[in-house]
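Just below is one structure, and these are the notes that go with it.
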Amino acid sequence: MAVIELSGLEVRLANRVVLDGLNGKLAGKAIGLLGPNGSGKSTLINTLLGFHAPSHGTAHVFDLDVRTHSREIRASIGYMPENDSFIGNISGIHFVRYMAELAGVPASNALERAHEAMFYVGLGEVRYRKISTYSLGMKQLVKLAQAIVHGARLLILDEPTNGLDPVARQRMIQLIREVRDAGDVTLLISSHLLRDVDETCDEVLILKKGHIAAICNLEEERRANRRFIELETVAAQEAFGVAIRQLGCECAFFPGERWKLVMPETVEIRDLYTIAAQQGVQIRKMNYRRDSLEDIFLTAMDSKLGVARVGV
Amino acid sequence: MSVFKRSYKRYTGPISNERFRLGVLMRYGAADLWSSRITNVVFVLCMIPSLISMTVIYIMNNDAVRLLLSSQGSSTPKIAMDERFFFVMLQGQCWPALILIAWIGPKLIAGDLSNDALPIILSHPISRVEYVVAKLLVLLGFLSAVTWIPTSMLFVFQSYLSKTPWAAEHIHIFIGMFIGSMLWIILLSLIALSVASWVKWRIVATGLLFATMFVPAGVGTVFNAVMRTKWGNLINIPDMMETLWIRLLQVNMPGYFMRNALPTTALLISLAAMCALCASALNARIRAREVVRG
Numbered sequence: 001m002a003v004i005e006l007s008g009l010e011v012r013l014a015n016r017v018v019l020d021g022l023n024g025k026l027a028g029k030a031i032g033l034l035g036p037n038g039s040g041k042s043t044l045i046n047t048l049l050g051f052h053a054p055s056h057g058t059a060h061v062f063d064l065d066v067r068t069h070s071r072e073i074r075a076s077i078g079y080m081p082e083n084d085s086f087i088g089n090i091s092g093i094h095f096v097r098y099m100a101e102l103a104g105v106p107a108s109n110a111l112e113r114a115h116e117a118m119f120y121v122g123l124g125e126v127r128y129r130k131i132s133t134y135s136l137g138m139k140q141l142v143k144l145a146q147a148i149v150h151g152a153r154l155l156i157l158d159e160p161t162n163g164l165d166p167v168a169r170q171r172m173i174q175l176i177r178e179v180r181d182a183g184d185v186t187l188l189i190s191s192h193l194l195r196d197v198d199e200t201c202d203e204v205l206i207l208k209k210g211h212i213a214a215i216c217n218l219e220e221e222r223r224a225n226r227r228f229i230e231l232e233t234v235a236a237q238e239a240f241g242v243a244i245r246q247l248g249c250e251c252a253f254f255p256g257e258r259w260k261l262v263m264p265e266t267v268e269i270r271d272l273y274t275i276a277a278q279q280g281v282q283i284r285k286m287n288y289r290r291d292s293l294e295d296i297f298l299t300a301m302d303s304k305l306g307v308a309r310v311g312v
Numbered sequence: 313m314s315v316f317k318r319s320y321k322r323y324t325g326p327i328s329n330e331r332f333r334l335g336v337l338m339r340y341g342a343a344d345l346w347s348s349r350i351t352n353v354v355f356v357l358c359m360i361p362s363l364i365s366m367t368v369i370y371i372m373n374n375d376a377v378r379l380l381l382s383s384q385g386s387s388t389p390k391i392a393m394d395e396r397f398f399f400v401m402l403q404g405q406c407w408p409a410l411i412l413i414a415w416i417g418p419k420l421i422a423g424d425l426s427n428d429a430l431p432i433i434l435s436h437p438i439s440r441v442e443y444v445v446a447k448l449l450v451l452l453g454f455l456s457a458v459t460w461i462p463t464s465m466l467f468v469f470q471s472y473l474s475k476t477p478w479a480a481e482h483i484h485i486f487i488g489m490f491i492g493s494m495l496w497i498i499l500l501s502l503i504a505l506s507v508a509s510w511v512k513w514r515i516v517a518t519g520l521l522f523a524t525m526f527v528p529a530g531v532g533t534v535f536n537a538v539m540r541t542k543w544g545n546l547i548n549i550p551d552m553m554e555t556l557w558i559r560l561l562q563v564n565m566p567g568y569f570m571r572n573a574l575p576t577t578a579l580l581i582s583l584a585a586m587c588a589l590c591a592s593a594l595n596a597r598i599r600a601r602e603v604v605r606g
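Chains E and B, in that order, give the protein sequences.
Just so you know, the first sequence maps onto residues 1 to 312 in my numbering.
Just so you know, the second sequence maps onto residues 313 to 606 in my numbering.
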């Protein structure tokens, strides 16, 4: 079942088309929403939440139409907005409890859940402090806590690492991964940071000027990329290439003794080392191709609108 | 998810009925207001007119007390328990309500707006209308407690103490006080919420609430004087409410007063227009996202 399905979705704000005829199905466990500023990422999120009404077409979340079932959709969503969004004059635990009850957690369970969520995100010691006294990183974490406290089926995280220092960012990424790996929640992560999306998502939707520039299953790409190997060697002869090809690899040689290989499923890295040892070749460097998301993103940005479909 | 384990586990427990979400907003709103000592002090002060009225009712209905007071040399004028008495009592309760709402109105909503909490609040199964209604109901609850509830209780008290059948003969007072109070507190609540939704700074919002009440009244009075008309009173909220209360309680007023008063229909249309204006201001402001202007 598709988590999010876009069917000719068009959203106009102040007579300006912000999202223009989006079509596509997103079924990943963690979906990245990428695009430059003004590409429509936040508008798409707001539309899914029912904050903006589609002017044409529609979108479905868990098969529920955003036009007619926004309330039911919101009941199954946990939302972490991009900007500051909290009640400053109450404590963190009070705020998370309040949001839990609004989401439907009974009052008798809400306080316990709020404590658990605050501890989980790492705010256990400061949970009785007023949110207005929190640092930026703590504010991001309390927003995450209120998003997960009620057991949402879909977590929408809008720029979750915004303004965080490297340590706090790493902590946030780690939390997102843990939530993702818990297995029963889907994430929609909007970010302009490719690295964040690359580290957390298995599917990506790239927007450009209100259009879909690409939809890509990163997990499949990664699986494919695991077979792409770049080698840098010393003292390799033509025979090295021949031996590798005999293993079943596709192989190309580049100046500077650099090799690019596509390995079949049956070949292991160990086989390459074996051949190298037999032929007295030193393997100085070995890389998997790691820049796939960046490649996809740049391809999508360079492509004409709406024509790039990677991995669909 | 246990505290000591610190690993994520999705909540799978019971979920409350969606009808109760409005109650959650109301409960947290009311609790926030009650947590302030100033709210408590203002609330108690708002009850003073009722206590005074209750004392007067008791004395006027108790010959022994009146005799005792007379014997001690103090004069105890006979105050009739009629429309005029309850009109004065209603005014005595309704104007302190303005002070109460000037404090609690902005407090109720400013916290949500000052740090832009609406996107998070409205991302839950709560509509904008429900949010506003919940806040309004909190204000109506507080204001009811200092307006029509004490006045109604005093009406019952007077009925109980009266030696002659009194309640049935004066039931129009009871109805008038209830309707008059409701008109007043609905108007006050809407004005307070709309002003607070546009002005994040609480002190300014409080000042603006008083200004909304009295500045148009001054302008209306000047308009009346310059134009030699009475229609300037259409923006004079204190005057309009006084006229409505007089008519609702069927108070006998001097002829010149009634000649200068505006028709009830005009007053109600003016109040409805003010309420609509406030609702429109709230509609523009209570949103999860700013409306982008082209």
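Yeah, the Cβ is synthetic: ideal placement off N, Cα and C, and Gly gets one too.
Could you check what DSSP says for residue i in three-state terms: helix, strand or coil?
{"i": "B/N374", "result": "coil"}
{"i": "E/D196", "result": "helix"}
{"i": "E/C251", "result": "strand"}
{"i": "B/M539", "result": "helix"}
{"i": "E/I93", "result": "helix"}
{"i": "B/W496", "result": "helix"}
{"i": "E/N287", "result": "strand"}
{"i": "E/R227", "result": "coil"}
{"i": "B/W460", "result": "helix"}
{"i": "E/N23", "result": "strand"}
{"i": "E/M80", "result": "strand"}
{"i": "B/S314", "result": "Because the pLDDT at B/S314 is just 49, under 50, the model does not fix this residue reliably, and the value given afterwards should be weighed accordingly. Coil."}
{"i": "B/S645", "result": "Any property of residue 645 of chain B remains undetermined from this structure, which presents chain B solely from 313 to 606."}
{"i": "E/E232", "result": "strand"}
{"i": "E/K209", "result": "coil"}
{"i": "E/R177", "result": "helix"}
{"i": "E/N217", "result": "strand"}
{"i": "E/A308", "result": "Bear in mind that the predicted position of E/A308 carries a pLDDT of just 46, short of 50, making it unreliable; the figure below should be weighed with that in mind. DSSP places E/A308 in coil when its eight states are reduced to three."}
{"i": "B/V400", "result": "helix"}
Which whole-angstrom value describes the C-beta separation of residue i and residue j, a residue pair presumed to lie in contact below a C-beta threshold of 8 Å?
{"i": "E/I131", "j": "E/I87", "result": "7 Å"}
{"i": "E/V242", "j": "E/R284", "result": "In fact, because the Cβ distance is near 20 Å, the residues do not count as touching under 8 Å."}
{"i": "E/I176", "j": "E/P160", "result": "7 Å"}
{"i": "E/K25", "j": "E/A2", "result": "4 Å"}
{"i": "B/I497", "j": "B/W415", "result": "About 15 Å separates the two Cβ atoms, so there is no contact after all."}
{"i": "B/H436", "j": "E/R74", "result": "6 Å"}
{"i": "B/T463", "j": "B/M393", "result": "At roughly 13 Å, the Cβ-Cβ gap does not stay under 8 Å, so B/T463 and B/M393 are not in contact."}
{"i": "B/S501", "j": "B/C406", "result": "About 13 Å; that fails the 8 Å criterion."}
{"i": "B/L425", "j": "B/K512", "result": "5 Å"}
Note down the Cα distance separating residue i from residue j, rounded to an integer number of angstroms.
{"i": "E/D63", "j": "E/G50", "result": "15 Å"}
{"i": "B/N329", "j": "E/V121", "result": "28 Å"}
{"i": "B/I485", "j": "B/I461", "result": "14 Å"}
{"i": "B/S319", "j": "B/P418", "result": "40 Å"}
{"i": "E/R309", "j": "E/I296", "result": "Its pLDDT being 47, under 50, E/R309 is placed unreliably by the model, and the measurement read from it follows with that caveat. Near 10 Å, if we compare the C-alpha coordinates of E/I296 and E/R309."}
{"i": "E/L141", "j": "E/A168", "result": "9 Å"}
{"i": "E/F254", "j": "E/K260", "result": "8 Å"}
{"i": "B/I391", "j": "B/M586", "result": "37 Å"}
{"i": "B/I433", "j": "B/L499", "result": "26 Å"}
{"i": "E/E232", "j": "E/F95", "result": "55 Å"}
{"i": "B/S347", "j": "B/V356", "result": "14 Å"}
{"i": "B/M359", "j": "B/F454", "result": "12 Å"}
{"i": "E/D184", "j": "E/R153", "result": "7 Å"}
{"i": "E/G124", "j": "E/F228", "result": "44 Å"}
{"i": "B/G567", "j": "B/I369", "result": "28 Å"}
Among residues of its own chain, excluding the 5 on either side of residue i, which ones have a beta-carbon nearer than 6 Å to its beta-carbon?
{"i": "B/G423", "result": "none"}
{"i": "E/T43", "result": "V11, V18 and L19"}
Could you pull out every residue in the same chain whose Cβ sits closer than 8 Å to the Cβ of residue i, ignoring the five residues on either side in sequence?
{"i": "B/L495", "result": "M553, L556 and L583"}
{"i": "B/A529", "result": "I547, N548, I549, P550 and D551"}
{"i": "E/Q279", "result": "A236, Q237, A239, F240 and A243"}
{"i": "B/S474", "result": "N373 and M393"}
Excluding sequence positions up to five away, which residues of its chain have a Cβ less than 7 Å from the Cβ of residue i?
{"i": "E/D158", "result": "S42, I45, M80, P81, E82 and S190"}
{"i": "B/F522", "result": "A414"}
Where the region 316-332 of chain B meets chain E: residues whose CB sits under 8 Å from a CB there: If you check each beta-carbon in the region 316-332 of chain B against every beta-carbon of chain E, the ones closer than 8 Å belong to R318, S319, Y320, K321, R322, Y323, T324, G325, P326, I327, S328 and E330.
Residues within the region 139-151 of chain E neighbouring chain B, beta-carbon criterion of under 8 Å: Going along the region 139-151 of chain E in chain order, one finds K143, Q146, I148, V149, H150 and G151 with a Cβ nearer than 8 Å to chain B.
Within 9 Å of chain E by C-beta, residues of the region 430-461 of chain B in sequence order: Within the region 430-461 of chain B, the qualifying residues are L430, P431, I432, I433, L434, S435, H436, P437, I438 and S439.
Interface positions of the region 83-94 of chain E facing chain B (Cβ-Cβ less than 7 Å), listed along the chain: Hits within the stretch, in order: N83, D84, S85, F86, I87, G88 and N89.
Residues from the region 548-559 of chain B in contact with chain E, defined by Cβ distance under 9 Å: Within the region 548-559 of chain B, no residue qualifies.
Contact residues within the region 89-123 of chain E, judged by C-beta distance below 7 Å to chain B: Only N89, Y98, M99, E101, L102, A103, G104, V105, P106, N109, R113, H115, E116, F119 and Y120 from the region 89-123 of chain E bring a Cβ to less than 7 Å from some Cβ of chain B.
Chain-ordered residues of the region 404-432 of chain B with a beta carbon less than 7 Å from chain E: Under the 7 Å Cβ criterion, the region 404-432 of chain B contributes G423, D424, S426, N427, D428, A429, P431 and I432.
Contact list for the region 44-67 of chain E against chain B, Cβ threshold 8 Å: Going along the region 44-67 of chain E in chain order, one finds N46, L49, F51 and H52 with a Cβ nearer than 8 Å to chain B.
Under 7 Å (Cβ pairs) to chain B, residues found in the region 166-197 of chain E: From the region 166-197 of chain E, only E178, V179, A182, D184 and V185 have a Cβ closer than 7 Å to chain B.
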